[in-house]
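What follows is a set of notes on a single structure, which appears directly below.
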Amino acid sequence: MFAELLQDLEPWPGLHARTWAVLESLPAAVQRDFLDDPRFQITIDNYTPEAGWTLWMPVPGPPGEGSRCVVLRKRLEWCHAGFAAWVIAHEFAHAWLRNGPWGEISDVEEAADAVAAVWGYLRPPGTWADFFSIPS
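Numbering of the sequence shown is given in our numbering, commencing with residue 72 and proceeding in unit increments.
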């Protein structure tokens, strides 16, 4: 069901699997919302130090219909699994909220955190360095 959405992640099998697992765990209504919107996409950040990065995505829709593009970084393939799942869920929450508020939560970052938490993805405790230490 999600193969087409995840095709950009195929060169990174770990990230592909992590993203699939999060996407599969989301409520059915959220999954359907993503699958039914041709503007929704999942892609990889292609940043390179000398060249910068390029991203092609559909333009946002009318007011209240913000971007539906989820851009993930390659390092989510090897960083701490719980942190990666939270980041992926957080980014899906932004897309579901169309980068907007949620209920009484007007800050878009706090709104995405709250939605991710409702979906079962809490930010793991620890420092940023803990999340990105290379696994042994």
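Don't be surprised by glycine CBs; every beta carbon is placed ideally from N, CA and C. Source: prediction; values computed, not measured.
For residue 143, the beta-bridge partners assigned by DSSP are 115. Membership of residue 89 in the alpha helix (DSSP H) is indicated by the continuous run 84-96. Comparing C-alpha distances from residue 140 to each of 113, 161, 157, 121 shows the shortest one belongs to 113. Sequence-distant Cβ neighbours of residue 89 in its own chain, meaning closer than 8 Å and more than five residues away, are 147, 148, 152, 155, 156, 159. A Cβ-Cβ separation of about 18 Å leaves residue 94 out of contact with residue 116 under the 8 Å criterion. Straight-line spacing of the CA atoms in residue 92 and residue 77 works out to 11 Å. Nearest C-alpha to residue 102 among 83, 81, 84, 74: 74. Contact between residue 187 and residue 176 is absent: CB atoms are separated by about 12 Å, not below the 8 Å threshold.
For residue 150 and residue 168, the gap between their C-alpha atoms comes out near 26 Å. The shortest C-alpha to C-alpha distance from residue 166 to any of 111, 107, 145, 85 is the one to 111.
In the structure shown, the three-state DSSP call for residue 157 is helix.
For residue 80, the closest C-alpha among the options 196, 145, 163 is that of 145. Here DSSP, grouped into helix, strand and coil, assigns residue 149 to coil.
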